[in-house]
Amino acid sequence: MHEIRVTVPRGQAAQVAEIAHEVGIPEVAVYSVFADGPNETKETVSAQTSTPKAKLLADRVLSAPWYDARNSTLSSRQLRALVTADDPHEITQPMLEPPINVFEDLWQLNHLTVSYMVRAISGALLLAYGMLENDPITIVVAALFLPFLSQALAVGFGAWSR
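Quick note on numbering: our numbering labels position 88 of the sequence shown as 106, and the sequence is numbered without any gaps.
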């Protein structure tokens, strides 16, 4: 379950709402917001829906010919609960994320920082020690420190699920 918010220049909210209805989202909220930087009024369209429909909405808006990232934004939020008249099986489909969420996760997990280096060195040392001592518990603990663990899990899970 996700909330997709699209903030566009005034007059373009109807186009976003039309796309939302086309992908099967029955209701969206449209409201005016004041953008402080450019000092102008913009419109925000908010849709709370199932993850597959949120992904379709995000994909369609980002590929729309009128969408311009210089004056528009699209944000995605994962919802903990969504109470609607829709069938729970429809709104709680697992295993699908909007691409912008995937990009955000990859962006956060791949910066070379002091923390990243400490985790890499700690994981490597623990892994080497576990392998030298033939200690599977230490090897598993070392895997939890490795900074590329989430990427390795994602690749492994993706290969397994095909």
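The C-beta atom is built at its ideal place from N, Cα and C for all residues, glycine as well.
Only a predicted model underlies this, so the values are computations on that prediction, with no experimental measurement involved.
Extent of the continuous beta strand (DSSP E) to which residue i belongs
i, result
"residue 49", "47–53"
"residue 100", "Premise fails: residue 100 is in no beta strand (DSSP E) and is neither H nor E."
Inter-residue CB distance, residue i and residue j (contact presumed, cutoff 8 Å)
i, j, result
"residue 75", "residue 41", "5 Å"
"residue 163", "residue 141", "4 Å"
"residue 91", "residue 20", "Not quite, the Cβ-Cβ distance comes to about 16 Å (not below 8 Å), so this is no contact."
"residue 159", "residue 144", "6 Å"
Span of the alpha helix (DSSP H), counted from its first residue to its last, around residue i
i, result
"residue 154", "154–163"
Identified DSSP bridge partners for residue i
i, result
"residue 60", "27 and 51"
"residue 13", "No information on residue 13 is available, as it lies outside the stretch 19 to 180 that the chain covers here."
"residue 133", "DSSP lists no partner for residue 133."
"residue 81", "Per DSSP, none; premise fails for residue 81."
"residue 93", "23"
Reduced DSSP category for residue i - H, G, I as helix; E, B as strand; rest coil
i, result
"residue 140", "helix"
"residue 43", "coil"
"residue 123", "helix"
"residue 38", "helix"
"residue 146", "helix"
"residue 87", "coil"
### Query
Quick one: any contact between the segment 96–103 and the segment 52–64, if contact means 3 or more CB pairs under 8 Å?
Look at the beta carbons and you see the segment 96–103 not touching the segment 52–64: under three pairs across the two are nearer than 8 Å.
### Message
Taking contact to mean 3 or more Cβ pairs, one atom from each stretch, closer than 8 Å, check whether the segment 69–85 and the segment 25–39 are in contact.
### Response
yes
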